[in-house]
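Undergrad: This structure is in structure tokens; I'll ask about it shortly.
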Amino acid sequence: MAQIIDGKALAAQVKAEVKTEVAAWTAQGHRPPYLAVVLVGDNPASASYVRGKAKDAAEVGINSDTLHYETDITEAELLDLIRRLNQDNTVDGILVQLPLPDHINEQKVIEAIAPEKDADGFHPASIGQLVLGQPGFQPATPAGIMEMLTRSGIPTSGAHAVVVGRSNIVGKPMANLLLQKGVDATVTICHSRTRDLAAITRSADILVAAIGRAHFITADMVKPGATVIDVGINRVDDATRERGYRLVGDVDFEAVRDIAGWITPVPGGVGPMTRAMLMRNTLNAAKRAT
Ligand code: NDP
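Here our numbering is used: position 243 in the sequence shown is 245, and no number is missing along the way.
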């Protein structure tokens, strides 16, 4: 039976560390770090993520505001808002909750954020630094997964790491972090056109599932003893729940936990760690600004 990597407990550790660092920072006479969170429209999942981020910020002593705009905000208006936040010296980190409505070009918005305030680590400058192994903002989800591996004592050097998914915010940065010198995994990236996916995932010592399909990774796709990191957040109907659904990952948790050595649950795995890493990014943004 696999050991559970408790994302909630690890996130609590990271947040406690950030809280201590924020307190030390303000004790030196600096104002508390400030994160501006931009939310467009009323996507319930986005609204819930943003509420979570505001709560985390309050918990660690970071000030934050959610700037909420109606779906009909134009791209030009949003870009103008970002320009103003870029110029505002009281703003350390800027985060635009994705997805944005179809009439707004997400990449353009991401690129409008000043790289030194890029709390999400999605700006091409941040991604470039990550690939080059230079210090910079790292996307919170893959950075959180690296923390989970390190803090759980899971060896990465020479391990075969298989990342299923090649998105710009999870799959690609994840693969690059695993590849860094010092981490030293041998990395394979899979996607929807990969042939014989199960044969590849079965050879993984570390398997990261970032697909967005409920229970896609089944027990027969996992090598005994492997570390399985489940990034997916999927809604499945559940009449027994008041809200009519529950959240599950990309991994068939109940079956895979019998085979794997380590596994992250959903919820309570990668999600909380992602949020904690965002707080660390915001603190780093404040420190870099001075
Ligand atoms: P994307 O939809 O951007 O990417 C999904 C990836 O999965 C794509 O690269 C796609 O391949 C690949 N894929 C789809 N179907 C298959 C298949 N049948 N076989 C192999 N690969 C396949 O998703 P994200 O990376 O943004 O997110 C992935 C999941 O993680 C989602 O459930 C999301 O909600 C969750 N998530 C969770 C976070 C957290 O904090 N826990 C943070 C961010 C995301 P192709 O490129 O060929 O289309």
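Ideal Cβ positions, reconstructed from N, Cα and C, are used throughout, including at glycine. Remember, predicted model here, so these are calculated numbers, not experimental data.
Answer yes or no: the CB of R53 versus the heavy atoms of ligand 1, is any distance below 7 angstroms?
TA: Taking the first residue of the sequence shown as position 1, residue 53 is located at position 51. No, the beta carbon of R53 sits no closer than 7 angstroms to any heavy atom of ligand 1.
Undergrad: Just verifying my parser: in three-state terms, what is the DSSP assignment at V20?
TA: Counting from one through the sequence shown, the residue named residue 20 turns up at place 18. Helix.
Undergrad: Please indicate yes or no: does the CB of D123 lie closer than 7 angstroms to some heavy atom of ligand 1?
TA: As a first step, residue 123 is located in the sequence shown; it is residue number 121 there, counting from the start. In the sequence as presented, Asp is not what sits at residue 123; that position holds Gly. Checking every heavy atom of ligand 1 against the Cβ of G123, none is found closer than 7 angstroms.
Undergrad: Can you tell me the Cβ-Cβ gap for T190 and I202, rounded? I've got them flagged as a contact below 8 angstroms.
TA: Start at 1 with the first residue of the sequence shown, and residue 190 comes out as number 188. Start at 1 with the first residue of the sequence shown, and residue 202 comes out as number 200. T190 to I202, Cβ: 6 angstroms. Contact.
Undergrad: Just to confirm before moving on: does the CB-CB distance between G95 and K57 stay below 8 angstroms?
TA: Residue mapping note: residue 95 aligns to position 93 of the sequence shown, counting from 1. Residue mapping note: residue 57 aligns to position 55 of the sequence shown, counting from 1. Not a contact, by the Cβ cut-off of 8 angstroms.
Undergrad: Under a three-way DSSP split, which group does T190 fall into?
TA: Position 188 of the sequence shown, counted from the first residue, corresponds to residue 190. DSSP places T190 in strand when its eight states are reduced to three.
Undergrad: For I231 and P274, what's the separation of their Cα atoms in angstroms?
TA: Within the sequence shown, numbered from 1, the residue matching residue 231 stands at position 229. Within the sequence shown, numbered from 1, the residue matching residue 274 stands at position 272. Each residue's Cα considered, the two are about 13 angstroms apart.
Undergrad: With a threshold of 8 angstroms on Cβ separation, who are the neighbours of L199 within its own chain once the five nearest residues in sequence on each side are excluded?
TA: Your numbering for residue 199 matches position 197 in the sequence shown. Once the five neighbours on either side are set aside, the close Cβ partners of L199 are V166, C192, M223.
Undergrad: What do you reckon, is the C-beta of V166 under 7 angstroms from a heavy atom of ligand 1?
TA: The count along the sequence shown starts at 1 and reaches residue 166 at position 164. Because some heavy atom of ligand 1 lies under 7 angstroms away, the Cβ of V166 counts as near it: yes.
Undergrad: Would you kindly report the start and end of the unbroken alpha helix (DSSP H) that includes I106?
TA: For the purposes of this step, residue 106 is identified with residue 104 of the sequence shown, where counting begins at 1. It is not in any alpha helix (DSSP H) - I106 carries neither H nor E in the DSSP assignment.
Undergrad: Using the C-alpha atoms, what's the distance from H32 back to P267?
TA: On the sequence shown, residue 267 is found 265 positions in, with the first residue counted as 1. On the sequence shown, residue 32 is found 30 positions in, with the first residue counted as 1. When rounded, the distance between both Cα atoms is 38 angstroms.
Undergrad: Compute the Euclidean distance between the alpha carbons of L12 and R153, then round it to the nearest angstrom.
TA: Looking up residue 12 in the sequence shown gives position 10. Looking up residue 153 in the sequence shown gives position 151. Their Cα atoms are separated by approximately 8 angstroms.
Undergrad: Would you check if there are 3 or more beta carbon pairs closer than 8 angstroms linking the segment 62-74 to the segment 33-45?
TA: Output reads yes: the segment 33-45 touches the segment 62-74.
Undergrad: Of the residues A145, I219, N107, which one's Cα is nearest the Cα of V16?
TA: Along the sequence shown, read from residue 1 onward, the residue named residue 16 stands at position 14. Ranking the options by Cα distance to V16, first place goes to A145.
Undergrad: Quick one: grab the DSSP three-state call for I171.
TA: Here residue 171 corresponds to residue number 169 of the sequence shown, with the count starting at 1. I171 falls in the coil class under three-state DSSP.
Undergrad: Among the candidates N283, P269, G160, whose CA atom is the shortest distance from the CA of D122?
TA: Position 120 of the sequence shown, counted from the start, is the residue given in the question as residue 122. Measuring from the Cα of D122, the nearest candidate turns out to be N283.
Undergrad: Mapping DSSP to helix, strand and coil, what is Q140?
TA: Counting from 1 along the sequence shown, the entry for residue 140 is found at position 138. Reduced to three states, the DSSP call for Q140 is coil.
Undergrad: Confirm, please, whether the CB-CB distance from I115 to I156 is below 8 angstroms.
TA: Here the question's residue 156 lines up with position 154 in the sequence shown. Here the question's residue 115 lines up with position 113 in the sequence shown. Contact flag unset, no.
Undergrad: Going straight from the alpha carbon of R197 to that of M148, what length do you get?
TA: One-based indexing of the sequence shown puts residue 197 at position 195. One-based indexing of the sequence shown puts residue 148 at position 146. When rounded, the distance between both Cα atoms is 27 angstroms.
Undergrad: Measure the CB-CB distance between L179 and V185 and report whether it falls below 8 angstroms.
TA: Position 177 of the sequence shown, counted from the first residue, corresponds to residue 179. Position 183 of the sequence shown, counted from the first residue, corresponds to residue 185. Yes. Within cutoff.
Undergrad: Thinking just about the alpha-carbon of each residue, which of E72, I235, A59, T220 is nearest to the one in N45?
TA: Numbered from 1 along the sequence shown, position 43 holds the residue referred to as residue 45. It is E72.
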